[in-house]
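Working notes, structure below.
Chains as they are written, first to last, in our numbering: chain A, 1 to 107; chain B, 1001 to 1111.
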């Protein structure tokens, strides 16, 4: 079955602390993996894509095919990182989203 | 350049009523999608289109119909609304199946 699992509904960290948002997937094939973010009162938008290997707003994500994971990491969280984060998998024409993790960065 | 727009922003329906949600994009994207977002479930794909005149079913298509008569528009129809269709509906479009651009959402309540 094709599935994206984000085990944490809520993650709360202090400003300056490292943050890791977990994502595991199940897919028979070679999917494209993404992280989308939704800030308060803004639209859902693409944060990063595994194939680009970029660091966006200090966030990185490494695709681990052996563990079928695509965890999102940032070494020093900022208050403006507080948002809803969705891990997503695209295979063929369809995209499957995880249930999302709400990140709250405390001052 | 408005990107992806959705009409209406809010709507309240009674059970059994019908309505159409309109999604429009001005980026000349081939691919368009309709999702619903429910608490604790993320976004689930209802229907999608890979080009003008084409539509296909997603994860949760039952109770919905779609049409893509023009490249820039993707309509989502509810023929007989049910309370289970209370949700926030998002439209998205993309050049390829990958980076999707989302609309602001439509909050629908079915009483």
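For every residue, glycine included, the Cβ atom is placed at its ideal position computed from N, Cα and C.
In chain B, which residues lie less than 8 Å from residue i when you measure between Cβ atoms?
i, result
"residue 99 (chain A)", "1040, 1041, 1042"
"residue 47 (chain A)", "Ordered by position in chain B, no residue passes the 8 Å Cβ test against residue 47 (chain A), which lies about 11 Å from the chain."
"residue 85 (chain A)", "Here the premise fails: no neighbours, minimum Cβ distance about 11 Å."
Quick one: which chain A residues come within Cβ less than 8 Å of residue i?
i, result
"residue 1045 (chain B)", "94, 95, 96"
"residue 1048 (chain B)", "93, 94"
"residue 1098 (chain B)", "32, 34, 49, 90"
Where does residue i land, buried or exposed, given buried means 16+ other C-beta within 10 angstroms?
i, result
"residue 1009 (chain B)", "exposed"
"residue 1070 (chain B)", "exposed"
"residue 83 (chain A)", "buried"
"residue 103 (chain A)", "buried"
"residue 74 (chain A)", "buried"
"residue 1094 (chain B)", "buried"
"residue 1015 (chain B)", "exposed"
"residue 1068 (chain B)", "buried"
"residue 30 (chain A)", "exposed"
"residue 55 (chain A)", "exposed"
"residue 76 (chain A)", "exposed"
"residue 1080 (chain B)", "exposed"
"residue 52 (chain A)", "exposed"
"residue 1021 (chain B)", "buried"
"residue 1106 (chain B)", "buried"
"residue 1024 (chain B)", "buried"
"residue 36 (chain A)", "buried"
Can you check whether the CB of residue j is closer than 8 Å to the CB of residue i?
i, j, result
"residue 28 (chain A)", "residue 106 (chain A)", "no"
"residue 1103 (chain B)", "residue 1090 (chain B)", "yes"
"residue 943 (chain B)", "residue 1012 (chain B)", "Because chain B in this structure spans residues 1001 to 1111, residue 943 (chain B) falls outside the shown range and cannot be described."
"residue 1050 (chain B)", "residue 1030 (chain B)", "yes"
"residue 90 (chain A)", "residue 34 (chain A)", "yes"
"residue 19 (chain A)", "residue 88 (chain A)", "no"
"residue 1100 (chain B)", "residue 1092 (chain B)", "yes"
"residue 1048 (chain B)", "residue 32 (chain A)", "no"
"residue 1002 (chain B)", "residue 1038 (chain B)", "no"
"residue 66 (chain A)", "residue 6 (chain A)", "no"
"residue 1066 (chain B)", "residue 1055 (chain B)", "yes"
For residue i, return the contacting residues in chain B, with the cut-off set at a CB-CB distance below 9 Å.
i, result
"residue 43 (chain A)", "1003, 1004, 1090, 1101, 1102, 1103, 1104, 1105"
Can you pull the chain E neighbours of residue i, defined as C-beta to C-beta under 8 Å?
i, result
"residue 1051 (chain B)", "Here the protein chains are A and B, and chain E is not one of them."
Under 7 Å Cβ-Cβ, which residues of chain A neighbour residue i?
i, result
"residue 1058 (chain B)", "94"
For residue i, is the beta carbon positioned less than 7 Å from some heavy atom of the ligand MN?
i, result
"residue 1042 (chain B)", "What this structure holds is no ligand at all, so the ligand MN is not there to describe."
The region 1034-1052 of chain B contacting the region 46-55 of chain A, beta-carbon criterion three pairs below 8 Å: With a cut-off of 8 Å, the region 46-55 of chain A and the region 1034-1052 of chain B do not count as touching, because too few Cβ pairs lie within range.
Contact between the region 68-88 of chain A and the region 14-30 of chain A (3+ Cβ pairs under 8 Å): Contact between the region 68-88 of chain A and the region 14-30 of chain A is present, because at least three Cβ pairs lie under 8 Å.
Touching by the beta-carbon criterion (3+ pairs, under 8 Å), the region 92-106 of chain A and the region 1038-1057 of chain B: Result yes; three or more Cβ-Cβ pairs closer than 8 Å.
Ordered list of alpha helix (DSSP H) runs contained in the region 1002-1082 of chain B, each at least 4 residues: Here no run is fully enclosed.
Whole alpha helix (DSSP H) elements within the region 10-92 of chain A, 4-residue minimum: Given a length threshold of 4 residues, the region 10-92 of chain A has no whole run of the alpha helix (DSSP H) inside it.
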